[in-house]
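Before any comments, here is the structure.
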Amino acid sequence: MSTDNKIVKFTPIQSFIESSFFIKLSQLKLDKFKLDSSKHVITGFIQHPKLLNRFNDMPTLNLDQDSFEPEQVEDSSKVFIKGEIYNVNTIEEFKQIDKLQQLTEWGGQIYESMKTVTTFDYQVFNQFYILSFSDLKKYKFYYWVAYPSFTSKWSIIEEKQQSDDLSLVKMIEEKINQLGENGQFFQLVDGQLVDAPETDQPGKFVFVDTCLSKDKKPGSQLKNYLYYIALKGFKTIELMIYRVDGSTFSYKLQLEKYDKVPKTITGWERTSQGKLGPKLADLGSLIDPNQLAAQAVELNLKLMKWRIAPDIDLDIIKSQKVLLLGAGTLGTYVARGLLGWGVKHVTFVDNGRISYSNPVRQSLFQFKDCFSDSGQGQWKAQRAAKSLQEIFPGVDSKGFNLEVPMIGHPITDEPKQRANFETLCQLYEDHDVIFLLMDSREARWLPTVLGVAKNKIVINAALGFDSYLVMRHGSLLQPQDQRLGCYYCNDVVAPNDSLTDRTLDQMCTVTRPGAALIASALAVEMLVAILQHPDKQLAKHVIVDNNKFGSVPHQIRGFLHNFNQQSNLHAPNYKYCSGCSEPVINEFNTSGWEFIKQCLNDSSYLEDICGLKQVQKEAELATQSLLRELELDTEDYEAVDVDADDEDSEWLS
Numbered sequence: 176m177s178t179d180n181k182i183v184k185f186t187p188i189q190s191f192i193e194s195s196f197f198i199k200l201s202q203l204k205l206d207k208f209k210l211d212s213s214k215h216v217i218t219g220f221i222q223h224p225k226l227l228n229r230f231n232d233m234p235t236l237n238l239d240q241d242s243f244e245p246e247q248v249e250d251s252s253k254v255f256i257k258g259e260i261y262n263v264n265t266i267e268e269f270k271q272i273d274k275l276q277q278l279t280e281w282g283g284q285i286y287e288s289m290k291t292v293t294t295f296d297y298q299v300f301n302q303f304y305i306l307s308f309s310d311l312k313k314y315k316f317y318y319w320v321a322y323p324s325f326t327s328k329w330s331i332i333e334e335k336q337q338s339d340d341l342s343l344v345k346m347i348e349e350k351i352n353q354l355g356e357n358g359q360f361f362q363l364v365d366g367q368l369v370d371a372p373e374t375d376q377p378g379k380f381v382f383v384d385t386c387l388s389k390d391k392k393p394g395s396q397l398k399n400y401l402y403y404i405a406l407k408g409f410k411t412i413e414l415m416i417y418r419v420d421g422s423t424f425s426y427k428l429q430l431e432k433y434d435k436v437p438k439t440i441t442g443w444e445r446t447s448q449g450k451l452g453p454k455l456a457d458l459g460s461l462i463d464p465n466q467l468a469a470q471a472v473e474l475n476l477k478l479m480k481w482r483i484a485p486d487i488d489l490d491i492i493k494s495q496k497v498l499l500l501g502a503g504t505l506g507t508y509v510a511r512g513l514l515g516w517g518v519k520h521v522t523f524v525d526n527g528r529i530s531y532s533n534p535v536r537q538s539l540f541q542f543k544d545c546f547s548d549s550g551q552g553q554w555k556a557q558r559a560a561k562s563l564q565e566i567f568p569g570v571d572s573k574g575f576n577l578e579v580p581m582i583g584h585p586i587t588d589e590p591k592q593r594a595n596f597e598t599l600c601q602l603y604e605d606h607d608v609i610f611l612l613m614d615s616r617e618a619r620w621l622p623t624v625l626g627v628a629k630n631k632i633v634i635n636a637a638l639g640f641d642s643y644l645v646m647r648h649g650s651l652l653q654p655q656d657q658r659l660g661c662y663y664c665n666d667v668v669a670p671n672d673s674l675t676d677r678t679l680d681q682m683c684t685v686t687r688p689g690a691a692l693i694a695s696a697l698a699v700e701m702l703v704a705i706l707q708h709p710d711k712q713l714a715k716h717v718i719v720d721n722n723k724f725g726s727v728p729h730q731i732r733g734f735l736h737n738f739n740q741q742s743n744l745h746a747p748n749y750k751y752c753s754g755c756s757e758p759v760i761n762e763f764n765t766s767g768w769e770f771i772k773q774c775l776n777d778s779s780y781l782e783d784i785c786g787l788k789q790v791q792k793e794a795e796l797a798t799q800s801l802l803r804e805l806e807l808d809t810e811d812y813e814a815v816d817v818d819a820d821d822e823d824s825e826w827l828s
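Residue numbers (the numbering used here): 176 to 828.
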């Protein structure tokens with residue numbers, strides 16, 4: 176059947192990119208690519224021609240999360256295609272790139288390969304490129320796919336229907352199984368299909384089409400093969416377009432025009448409206464909100480690694496299990512800070528209810544929490560844990576309504592208090608980091624002892640009216656000359672009851688509101704600094720440190736009345752300390768609850784154990800000795816003539 180020398184037209188390849196591809200791209204952008212906008216090799220695939228049907232009749236490039244894997248799992252239903260992605264850093268850069276020049280550059284790479292290739296190598300003739308920008312905050316992905324193609328103008332001299340040569344069809348079907356290597360374009364030589372051009376043989380070729388369009392437009396992958404055989408000197412050819420559905424047809428083609436060095440390269444994919452332009456994948460409405468929240472929490476943290484702090488270890492922060500003793504002003508602010516750093520496991524311990532004065536100062540509570548439980552406020556610990564999950568559903572947060580046994584407060588209900596003690600011990604076993612954030616001094620004693628005995632990271636934060644203290648406790652594993660002190664290492668008496676017989680202003684936390692925010696933030700940042708230090712909690716007190724995340728001071732004291740803050744303070748471990756001395760820890764490890772019970776009932780027992788009682792006795796003896804040295808001998812002043820008007824006479828008489 177003759178034609179009026181029509182020009183061969185093609186069906187353009189189209190892309191289908193699954194959401195998993197963009198999710199994987201966002202992960203790689205955050206964790207691996209960062210500011211690198213150079214090329215990255217990816218792999219796409221098209222359906223094997225044997226699987227094409229009337230519902231899947233277009234040449235379609237598919238991309239998913241596996242496209243970034245260097246090695247693809249063999250799959251007989253897929254034909255893999257190599258490609259590259261260029262993911263730029265800003266939308267402005269995406270817009271400003273000269274798309275024609277970029278396509279010419281990519282096409283030039285294929286052309287150079289084409290000049291040296293000796294076979295109809297599928298991976299050379301079929302390549303794709305993606306220019307993209309990932310807006311990771313809004314989960315919008317701008318992209319434009321290109322399939323660089325070379326122009327060679329072939330006119331149709333004659334068109335024939337399906338070949339009746341069954342042996343040829345059988346050979347083609349056998350060759351199809353090789354598709355992905357050299358199995359899409361062949362030359363027919365002496366009744367055999369060969370995958371390399373032979374210029375001294377008749378120009379008879381077979382193209383295995385990936386398109387079933389009824390208008391007989393073969394897939395655009397044919398373009399580069401036609402240009403290649405033109406480059407090899409073929410002027411007139413017979414071309415069979417083989418289709419698996421039986422709609423095979425043949426052309427006799429004549430070369431009208433081609434450029435030995437390509438001047439025009441085409442291939443940018445068109446939109447669904449048929450216009451040249453990029454596409455947008457907006458995944459914000461498709462991804463599960465919990466997954467979106469989890470990715471958003473990590474976004475700002477991972478951006479630190481791009482430029483500012485490339486060596487920071489975020490995984491060690493995220494993996495910490497943190498126990499907050501106290502769910503009040505300090506506890507709620509510390510919890511928010513931990514959440515910001517990506518900590519996924521936070522446990523609260525408190526035995527108080529939410530009062531009307533709390534919500535304005537304690538960031539996890541609301542007005543409705545003050546009266547929702549039978550007219551009473553909700554329990555602080557449970558409500559704080561629930562609030563944290565409402566802020567970020569991905570956090571594992573629990574609350575324990577638990578009264579921590581306090582030294583100086585005698586046992587009143589031993590079964591209950593012992594149960595509280597045992598629960599607290601188990602919580603210590605289950606957590607890596609302990610924050611001491613309670614209201615009273617004596618409430619911190621047992622947690623201090625447990626922290627040293629179980630070798631946990633312990634961070635203490637305390638408030639005055641216009642001052643604050645943040646400190647980390649030392650460890651028994653530190654060298655003795657470098658061991659840091661605890662909250663009680665400056666005391667010469669054991670902690671005792673400081674709550675009984677106190678006025679309202681002494682019982683409530685009367686402090687400048689901003690102090691709690693500052694202290695809480697410093698406590699969280701101190702933890703992060705500890706975790707980034709190679710020695711972790713064993714790090715010695717150093718003000719200026721070349722550690723990747725700065726120094727790790729022993730303590731930080733701040734004063735709001737003159738806005739002064741000091742971090743150069745260092746208090747070494749006191750060998751007679753009531754909280755962390757070796758005799759105390761040894762006695763606790765030996766006697767457990769019995770030791771704690773005696774300390775609760777009588778703090779002087781603790782002073783005997785740690786040696787403070789002896790220190791006090793020695794101090795008293797030293798004082799008496801000094802006073803005796805200062806006494807005047809009576810014989811020395813009785814001989815003195817005292818004037819009655821002398822102003823010191825009354826004192827001497």
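For glycine and all other residues, C-beta sits at the position ideal for the given N, C-alpha and C.
Nearest-angstrom Cα separation, counted from residue j out to residue i
i      : j      : result
Ser330 : Val183 : 6 Å
Val248 : Asp241 : 9 Å
Leu430 : Leu397 : 14 Å
Glu578 : Phe523 : 12 Å
Tyr603 : Leu500 : 11 Å
Asp457 : Phe316 : 6 Å
Pro506 : Ala694 : This sequence places Gly at residue 506; Pro is not what is there. The alpha-carbon atoms of Gly506 and Ala694 are separated by roughly 11 Å.
Lys477 : Lys345 : 56 Å
Leu706 : Lys715 : 13 Å
Pro245 : Gln189 : 23 Å
Gln448 : Ala559 : 52 Å
Lys140 : Ile487 : Absent from the model: residue 140. The displayed extent of the chain is 176 to 828, so no value can be given.
Glu822 : His736 : Its pLDDT being 49, under 50, Glu822 is placed unreliably in this model, and the value from its coordinates should be taken loosely. Each residue's Cα considered, the two are about 43 Å apart.
Ala468 : Gly421 : 51 Å
Met233 : Lys389 : 11 Å
Thr439 : Gly283 : 11 Å
Val263 : Asp250 : 32 Å
Residue burial classification, residue i (beta-carbon count within 10 angstroms, cutoff 16)
i      : result
Ile266 : exposed
Ile305 : buried
Ser538 : buried
Tyr531 : exposed
Arg139 : Any question about residue 139 goes unanswered here, given that the chain covers just 176 to 828.
Pro464 : exposed
Leu787 : buried
Leu697 : buried
Ala371 : exposed
Glu825 : The predicted position of Glu825 is uncertain, since its pLDDT is 48 and thus under 50; a value taken from the coordinates is nonetheless stated next. Exposed: under 16 other Cβ atoms inside 10 Å.
Thr830 : One cannot answer for residue 830 here, as it falls past the ends of the chain, which runs 176 to 828.
Gln647 : Contrary to the premise, residue 647 reads as Arg rather than Gln in this sequence. Classification of Arg647: buried, given that the 10 Å Cβ count is 16 or more.
His708 : buried
Gln551 : exposed
Lys631 : buried
From the options, residue whose alpha carbon lies closest to that of residue i
i      : options                        : result
Asn743 : Ile351, Val645, Cys755         : Val645
Asn595 : Phe610, Leu611, Asp614, Pro622 : Pro622
Val608 : Glu589, Pro688, Arg593, Leu513 : Leu513
Gln376 : Gly408, Lys392, Leu387, Leu801 : Gly408
Gly173 : Ile492, Asn576, Glu444         : Shown here, the chain extends from 176 to 828; a query on residue 173 therefore has no answer.
Val254 : Leu227, Gln336, Ile260, Gln222 : Gln222
Residue i and residue j closer than 8 Å at C-beta
i      : j      : result
Tyr314 : Ser307 : no
His520 : Asp571 : yes
Val509 : Leu652 : no
Lys555 : Asp588 : no
Met415 : Val381 : yes
Tyr426 : Glu334 : yes
Lys496 : Ile351 : no
Gly378 : Phe185 : no
Ile582 : Glu617 : yes
Gly660 : Cys752 : yes
Limits of the alpha helix (DSSP H) - the one that residue i falls within
i      : result
Val299 : 297-300
Thr265 : No alpha helix (DSSP H) contains Thr265, which DSSP labels as neither H nor E.
Asn399 : 397-406
Gly282 : 274-291
Gln202 : 194-203
Gln601 : 589-605
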